[in-house]
Amino acid sequence: MRSTRRFIDLKKDTQFTDAWIVLGLILTAAGLITRNAFLLAGASTLLIIPLLGRLWNQVALFGVEYTRTLSETRAFLGETIELTLEVRNRKFLPVTWLHVNDNFPANLPVEGHEIRVNAATNQGEFLSFWNPGIFGRLTRRFPVECTKRGYYTYGPATLTSGDGFGMFTARGILPGQQRLIVYPKLYPAEQLRLPAKNPFGERAADPHLVEDPLRYAGIRDWQPEDGMKRVHWKATARRQVLLSRLYEPTEEPQVLIFLNVATLERHWLGHIPELMERAVSVAGSLAQVAAEARLPVGLIANGVLPGSDQPLRLLPGRSPGQLVRILELLAAVTPFASTPVEDLLLRESPRLPWGATLVVVTAIAHDGLLAALLDLRRAGRKVVLFTLAEEPPVRRLEGIPVYHLPHLVADVIAPHVIS
Amino acid sequence: MQAAWIAPFLSLAWLRAPAVPGLTPWQAWAIVFGGLLAWMLVLELLSRAFESPLYDTLALGLMAVAGPLLVRLVLYRGGPPWDVSWIGRSLADTAEWTGGLPPAIVLLAANLLLWQRATSATSRDLNFFGVGMTFRGGLLLLLLGGALYGGIRGAAPLGLLWIYLALGLTAVAVSRISEKAADAQSIGRLLPPRRLLQTLAAAGAATGVSWLVSLAYTDAGLRSFFRLFDPVWQLVRPLLLALLVLVARVLNPLLLWLEGVLIRMLGRFSPELGEPAPAVTGTEGGPNPLDRLLAWPFELARDALVLIVAVLAVLGLVIFLLLYLERVRRSGLAAEAEDEGLDRATFGGGILGRTLDSLRGAAGLVRRFGVGRNLLAAISVQNIYANLCRLARQRGRPRLPSQPPDDYLPVLGQAFPGQDERLRRITAAYMRVHYGDQPVGGEELAALREDYRVLREGV
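Residue numbers (numbering that gives the first Met the number 0), protein chains in the order written: chain W, 0 to 418; chain R, 0 to 458.
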């Protein structure tokens, strides 16, 4: 039952109430009746001070500028960047107090300061106090430790100020945001135990099933199976020997990394964050190795981007920015698997170029995945498996290079349920 | 600050001390200020040297000793230090209340009060709430003391008011800064001198403005001001009088009836107020006493019932009016809050800007739709859209000041899921009347109202 008793609100943040005005009017009437100058002066004070406070409050945030600058917008895990906050007051009134409640990523600690997590929004809040003087400017710099991979947003910020006498408060929201991408940790090739040559498996000289007639590769001696259509008549005339045209195959070596973000076979049961992070790091490292080998590389993952429900998909490319794009996607990928990786493999492989090497990176190597890999291999696909599971795959994977990397997760307590 | 409100009371209470014949408010202020500083200094030193509970004991003991010592030094000077006859004399004087408060009691009370204030000031837990409460309470006490002093002595101690205001506003401002800094992970650095100077200047300016206003806010000034409204009053007075007479005439039968009921009820208890009692002649004329005796409780109950119903009706009317006024006030506050919300993001604009904007908007509507049904329809559409935005704001999807309605439409869709078609219709109609000059027809307006009703009830 609600209590109707009067109480003193200890959390009251201002000292103005209607009583100031009411009392001012009562004192005015009393002063007029008794002709008491002190009462009238007091009444004018009671009316003027709130009025001044109100006017000051109206312009408290006028001319106030708050800027947030990150020294880098992209960083690798473990790096420290600098965050600069600046407040300017461009008016003839001092801002006696200014609270800035800025939305910060809760995962990236600011050295020496606390980031409170708002239970309602699950976002970090960085509360700072400022009191810039007349036309004053205050600048503060904070080191931000990039301790967790992610795609982070700074802002918006809520500014609260008021008059100097604690009568009123004013609030404003600055919608501006800055983004910070923290790339996953990348392992060197040795740590991935990759061979120096052909890291993604031997490339056998496959027969050219389909040739591209627009991509002329050279000439050779005519073979009976070539038929007359392939004869290079000009060269034959010059050499006085029947010669055939040789074309480039329509396929070219490509690397497509399939990342399995699930860390449990039944992915809907949850995930092991650190294990997933290592898998992401392995995927990023492989992309880097492929890019250094000038191989077109792409990424498909059963994780999703924040705010999306579709699997992450970037087709192979050779452009200089491809590795950056892959790393950005890996920075943002969430641990919630939208679909089992084996389903994703079987669904995506028909759409992929024939020459593509499917590099599967997973923290778990369960039967369903292994069966899917064998199916793909039997269909003629080149498949490579990188697994972080405790035990190597129990099934024999004919023709599939397997890189078992338990040392990368040796410091992580991997529960036996993984296998 | 504290000294300013204590001074008028001390000055008034200090009436009959032979050694110190009288105190002006300024003298009283100086004494209180000095006493307060002395107490604060002593208590501060004690608190640094001793921990509680020894500190508490010493502070209490010091207060108990200081009071009588003051009485001895101020009121009963002279004589050797070992002479204790003053105790008896002071006790005898204390019993004498005819010429006002005994000086010894005034001294003891003042000392106790100063000790208490000094203890409070050195307690290290000064926060904005406490300082604000002290400021407001002190201001009320100063107004009381100053008014009493002005009424009794004839001279208003206005200087104390300005001193109190300047120091009090400074204290409030500093405590406000301190509290806000503490809330926001401040490292606890002292306020830089420039900021302190600016704070002092702000408090001084506020005090100066108050002083300037008080020069005009006098008895003569206010009466001159009210005299400006004489023509209006002369114009309105006959109307008000006529209205008063009309109300009296309308209420006259009711008042007469009420008077009759009351007289009848009271007449039963005191016959001289009621109708003249019929002569008791036995069986001739009028009901017999037994019938009257039996009927009396029923009549009383009937009259009481009528009276209760009338009182309840009046009470109901008053409560209804109060509730209505409260509702109007709350809706005004809510609208104000919404307006503030819009302004917040712009960091500027104020009452003047909003008024000009609304006037400009109204003029634009009249220019485009003329004065007639189309104008009313356009205003209705604008109101519907404004109410829709308000509902969306309550759902955590506010419209930013610079957000066009079509950009805001997807956000509205998030606030009212599954109502995209209705939202689209209302937004389109709003854009037509707000940015264009195509009027909204009667049927369309009815459909929009229906859309809005569905959306609102969905909330």
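Note that CB positions come from ideal geometry on N, CA and C, so glycine has one too. Since this is a predicted model, take the numbers as computed values, not measurements.
Query	Result
Residues near Q177 (chain W) by beta carbon distance below 7 Å, same chain, minus five either side	R67, L69, Y153, G154
Beta-carbon neighbours of L411 (chain R), restricted to chain W and to distances below 9 Å	Under the 9 Å cutoff, chain W gives no residues; its nearest Cβ is about 18 Å from L411 (chain R).
Cutoff 8 Å: R34 (chain W) Cβ touching any chain R Cβ	yes
6 Å Cβ shell around T157 (chain W) - same chain, five flanking residues per side excluded	N100, I172
For G449 (chain W), the residue or residues it bridges with in DSSP	An answer regarding residue 449 (chain W) cannot be provided, because it is not within the stretch 0 to 418 covered by chain W.
T79 (chain W) vs C145 (chain W) beta-carbon contact at 8 Å	yes
Of the residues R:L68, R:L166, R:L390, the one placed nearest A204 (chain R), counting alpha carbons only	R:L166
Closest Cα partner of L462 (chain R) within the set R:A109, R:A445, R:A58	Because chain R spans 0 through 458 in this model, residue 462 (chain R) falls outside it and cannot be assessed.
E397 (chain W) to A286 (chain W) span [Cα, whole Å]	25 Å
Nonlocal neighbours in the same chain, by C-beta distance under 7 Å from G316 (chain W), ignoring five residues either side	P295, G297
Buried versus exposed, by CB contacts within 10 Å (16 or more), M227 (chain W)	exposed
Nearest neighbour of R219 (chain W), chosen from W:E210, W:D225, W:L242, W:A282 [CA to CA]	W:L242
Nearest neighbour of L253 (chain R), chosen from R:F224, R:L211, R:P230, R:A309 [CA to CA]	R:A309
Whether D169 (chain R) touches M39 (chain R) by CB criterion (8 Å)	The identity of residue 169 (chain R) in the sequence shown is Thr, whereas the question assumes Asp. No, they are not a contact pair.
Residue range of the unbroken beta strand (DSSP E) whose run includes S127 (chain W)	122 to 129
Boundaries (first-last residue) of the beta strand (DSSP E) holding R136 (chain W)	136 to 144
T138 (chain W) classed as buried or exposed, judged by whether at least 16 other C-beta atoms fall within 10 angstroms	exposed
According to DSSP, residues forming a beta bridge with R312 (chain W)	W:I299
Where L396 (chain W) sits in the DSSP three-state scheme	coil
Below-8 Å beta-carbon distance, G78 (chain R) vs any chain W residue	no
Contacts that D218 (chain R) makes with chain W (C-beta to C-beta distance below 9 Å)	G30, L31, R34, N35, A36, L39
Min CB distance F127 (chain R) to chain W below 8 Å	yes
Collapsed DSSP secondary structure at I30 (chain R) in the structure displayed	helix
Start-to-end residues for the beta strand (DSSP E) that takes in R115 (chain W)	115 to 117
Collapsed DSSP secondary structure at Q115 (chain R) in the structure displayed	helix
Contacting positions in the segment 192 to 210 of chain R - beta carbon closer than 8 Å to chain W	R193, R194, Q197, T198, A201, A202, A205, V208, S209
Residue burial classification, D462 (chain R) (beta-carbon count within 10 angstroms, cutoff 16)	Here chain R has residues from 0 to 458 only, and residue 462 (chain R) is not among them.
Cβ pair G302 (chain W), V332 (chain W) closer than 8 Å	yes
A370 (chain W) versus V393 (chain W): straight-line alpha-carbon distance, rounded	11 Å
Beta strand (DSSP E) segment containing E81 (chain W), residue limits	79 to 88
C-alpha distance - A300 (chain R) paired with I48 (chain W), whole-angstrom precision	57 Å
Interface residues of chain R facing H112 (chain W) [CB-CB closer than 8 Å]	Q184
Distance CB(L387 (chain W))-CB(R277 (chain W)) smaller than 8 Å	yes
Spatial distance of L444 (chain R) from N373 (chain R) (CA atoms)	10 Å
Buried versus exposed, by CB contacts within 10 Å (16 or more), F385 (chain W)	buried
Unbroken beta strand (DSSP E) run spanning I133 (chain W), endpoints	Taken as a continuous stretch (DSSP letters only), I133 (chain W) belongs to no beta strand (DSSP E), as it is neither H nor E.
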